[in-house]
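First the structure, in the form of structure tokens, and then the observations on it.
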Amino acid sequence: MAEKPIAEKPMAENDTSRGFDEAEVSARLTDSVTGVDGVTGLAPGLRDMVASAAARVMRRSGSEPLRVEVWRADEDFSVRVDVHLDDSRPVTEIVDELFAVIAVDLRAAVDGAVGDIDIDIRVVSRRR
Numbered sequence: 054m055a056e057k058p059i060a061e062k063p064m065a066e067n068d069t070s071r072g073f074d075e076a077e078v079s080a081r082l083t084d085s086v087t088g089v090d091g092v093t094g095l096a097p098g099l100r101d102m103v104a105s106a107a108a109r110v111m112r113r114s115g116s117e118p119l120r121v122e123v124w125r126a127d128e129d130f131s132v133r134v135d136v137h138l139d140d141s142r143p144v145t146e147i148v149d150e151l152f153a154v155i156a157v158d159l160r161a162a163v164d165g166a167v168g169d170i171d172i173d174i175r176v177v178s179r180r181r
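For the sequence shown, the working numbering assigns the number 54 to the initial residue and increments by one for each residue that follows.
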């Protein structure tokens, strides 16, 4: 089965006019994802790490807090999660729960139709 490529997040897109507040939905999913047993925290994505390095070079203060990123293209949604896990549960079990939590919360958080949901979960580390 061929996997669909993960949609890239548009640089400047605000979709509040169609019942979607990117920051609010991202914050809601962040709370849900970090509440899953076995998830010890979120990790910065590559884009965040580059931004943080640039901020340090320019002597600016820290970047945005770590969070799950959600963005929309028409009725379809993309979700990116970079996580650290512990070894209290099998990775497949944790990932299955993450997919379920994200799908349920996203549908509950969005006012209107929800098409396809592309979820990109990257396990950055696994600790004992």
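Beta carbons: idealized from backbone N, C-alpha and C, even for Gly.
Note that the structure is a prediction, hence the values are computed from the model and not measured.
Check	Outcome
Which residues mark the beginning and the end of the beta strand (DSSP E) in which E150 is found?	No beta strand (DSSP E) contains E150, which is instead part of the alpha helix (DSSP H) from 144–162.
Determine the DSSP secondary structure at A126, reduced to helix, strand or coil.	strand
Taking Cβ to Cβ, would you say L159 is nearer than 9 Å to V89?	no
In angstroms with no decimal places, state the Cα-to-Cα distance between F73 and R133.	17 Å
How would you call G165, buried or exposed, if buried means at least 16 neighbouring beta carbons within 10 angstroms?	exposed
Taking the CB atoms as reference points, tell me whether A153 and R120 lie closer together than 9 Å.	no
Looking at G91: is its Cβ nearer than 9 Å to the Cβ of R142?	yes
List the endpoints of the continuous beta strand (DSSP E) containing L95.	92–95
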